[in-house]
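*Asks:* This is the structure, below, for whatever I ask next.
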Amino acid sequence: MCPLLFELSGIKIYAYGVLVALAFLVGFAFIAQRAKQAGDRVDDYTEALIWFIIAGIGGARLFYFIWFPAQFFSDPLGSILSKGGLVWYGGVIGAFLAMAIYTRLRKIPLLRFADIVAPAAALGLAIGRIGCLLAGCCYGAPCDLPLAIHYPLQHETHGLAVHPAPLYETVLMVLVTFVLIKLDRKKPFEGFTTWWFFILAGIVRFALEFVRGDQLVWSQELHISASQWVSLGGIALGAFMLAYLSRKKQSSAKQPPALV
Numbered sequence: 012m013c014p015l016l017f018e019l020s021g022i023k024i025y026a027y028g029v030l031v032a033l034a035f036l037v038g039f040a041f042i043a044q045r046a047k048q049a050g051d052r053v054d055d056y057t058e059a060l061i062w063f064i065i066a067g068i069g070g071a072r073l074f075y076f077i078w079f080p081a082q083f084f085s086d087p088l089g090s091i092l093s094k095g096g097l098v099w100y101g102g103v104i105g106a107f108l109a110m111a112i113y114t115r116l117r118k119i120p121l122l123r124f125a126d127i128v129a130p131a132a133a134l135g136l137a138i139g140r141i142g143c144l145l146a147g148c149c150y151g152a153p154c155d156l157p158l159a160i161h162y163p164l165q166h167e168t169h170g171l172a173v174h175p176a177p178l179y180e181t182v183l184m185v186l187v188t189f190v191l192i193k194l195d196r197k198k199p200f201e202g203f204t205t206w207w208f209f210i211l212a213g214i215v216r217f218a219l220e221f222v223r224g225d226q227l228v229w230s231q232e233l234h235i236s237a238s239q240w241v242s243l244g245g246i247a248l249g250a251f252m253l254a255y256l257s258r259k260k261q262s263s264a265k266q267p268p269a270l271v
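Below is the structure:
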């Protein structure tokens, strides 16, 4: 745990912010490479980057205050400017909405564009979770496994052995990145990689919520968290869209060629 990396001329440089910035930079470099390999204009993705950053961080902050409204209402202006964290589901949703608007304005096929971005988004999430580990947030529940980690005594865990939950997610999202790259190479239709991202990322997040030990919003009746509900929604949406697009492709393939 190392929330503060260093201080330069009175300016504090925090590990979480550095890792989030690194996630964007690495993710964009990956996107540019994939766009070039696909024969797309890299400039289209470069221009979209600022949209993704603003919408992604804005969506992540918004979801944090939706999850924890008491922090916002106690000090609205201070919360927006300084307090609070980021909820990566909000970031994904915000960035996807920005992508939809951008591609519509530029008359670019949304799903083709999203397929280029999806593996890079998974990699960016993997890098961002390292920032969570260094910052001490998103920590795991107590456990007695050999791979358990100990935060400092002043941390909320009080030095107990806990699951390295952020590292679990980093490893799993790296695996998701490789799976998406493999799926993308033989995708049967545009959007195939994107909707598999929703499914796989949703499965990872749903499973990892069971080993999280930080402050979560729980459904007392079903004993699953709010993030797990969002995960289920993402999984269901991804499965529905894959089925819909597959059926649409099969239907168009069966249609007789038009007479000239």
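In terms of my numbering, the sequence shown opens at residue 12 and continues consecutively. Beta carbons are placed, not taken as given, at the ideal position from N, Cα and C, and that holds for glycine. Source: prediction; values computed, not measured.
1) Taking 9 angstroms as the cut-off, decide whether the C-beta atoms of residue 138 and residue 181 are in contact.
2) Less than 9 angstroms separating the beta-carbons of residue 201 and residue 164?
3) Please name the residue or residues paired with residue 173 in a DSSP beta bridge.
4) Could you say if the region 57–66 and the region 203–219 meet the contact criterion of at least three C-beta pairs nearer than 8 angstroms?
5) If we count the other Cβ atoms within 10 Å of its Cβ and call it buried at 16 or more, is residue 72 buried or exposed?
6) Quick one: residues in its chain with C-beta nearer than 7 angstroms to the C-beta of residue 23, no 5 flanking neighbours on either side, listed in chain order?
7) Could you check where the beta strand (DSSP E) with residue 23 kicks off and where it finishes?
8) For residue 18, which beta-bridge partners are listed by DSSP?
9) By Cβ distance below 8 angstroms, which residues in the same chain neighbour residue 108 in space, the five residues on each side in sequence not counted?
10) Considering only the alpha carbon of each residue, which of 160, 184 and 114 lies closest to residue 34?
11) Based on DSSP bridge pairs, tell me the residues matched to residue 223.
12) Under 6 angstroms Cβ to Cβ from residue 106, same chain only, skipping five residues before and after it: list those, please.
13) Could you compute how far the alpha carbon of residue 48 sits from the alpha carbon of residue 125?
14) What separation, rounded to the nearest whole angstrom, lies between the Cα atoms of residue 264 and residue 198?
15) Counting only the same chain and skipping the five closest in sequence on each side, list residues whose C-beta sits under 8 angstroms from that of residue 179.
*Replies:* According to the structure data:
1) As a first step, residue 138 is located in the sequence shown; it is residue number 127 there, counting from the start. As a first step, residue 181 is located in the sequence shown; it is residue number 170 there, counting from the start. In this structure, residue 181 lies closer than 9 angstroms to residue 138 by Cβ.
2) For the purposes of this step, residue 201 is taken as residue 190 along the sequence shown, with counting starting at 1. For the purposes of this step, residue 164 is taken as residue 153 along the sequence shown, with counting starting at 1. With respect to residue 164, residue 201 sits apart: the two C-beta atoms are not nearer than 9 angstroms.
3) As a first step, residue 173 is located in the sequence shown; it is residue number 162 there, counting from the start. Residue 173 is bridged by DSSP to 153 and 160.
4) Short answer: they don't touch.
5) Along the sequence shown, read from residue 1 onward, the residue named residue 72 stands at position 61. With 16 or more Cβ atoms within 10 Å of its Cβ, residue 72 is classed as buried.
6) Taking the first residue of the sequence shown as position 1, residue 23 is located at position 12. These residues qualify, in order along the chain: 15.
7) In the sequence shown, residue 23 corresponds to position 12, counting from 1. If you look at residue 23, you'll find it in the beta strand (DSSP E) that goes 22–25.
8) The count along the sequence shown starts at 1 and reaches residue 18 at position 7. The partner list for residue 18 (beta bridge, DSSP) reads 23.
9) For the purposes of this step, residue 108 is taken as the residue at position 97 of the sequence shown. The answer, listed in chain order, is 66 and 70.
10) What you label residue 34 is simply residue 23 of the sequence shown in a count that begins at 1. When each option's Cα is compared against that of residue 34, the closest is 184.
11) Within the sequence shown, residue 223 is the residue found at index 212, counting from 1. Residue 223 is bridged to 151.
12) Residue 106 sits at position 95 when you count from the first residue of the sequence shown. Apart from sequence neighbours up to five positions away, the residues of its chain that approach residue 106 with a beta-carbon distance below 6 angstroms are 63, 66 and 67, ordered along the chain.
13) In the sequence shown, counting from the first residue as 1, residue 48 sits at position 37. In the sequence shown, counting from the first residue as 1, residue 125 sits at position 114. Each residue's Cα considered, the two are about 15 angstroms apart.
14) In the sequence shown, residue 264 corresponds to position 253, counting from 1. In the sequence shown, residue 198 corresponds to position 187, counting from 1. Taking the straight line joining both Cα atoms gives about 16 angstroms.
15) Residue numbering aside, residue 179 sits at position 168 when the sequence shown is read from its first letter. By the criterion of a C-beta distance shorter than 8 angstroms, residue 179 is surrounded in its chain by 151, 219 and 222, once the five residues flanking it on both sides are discounted.
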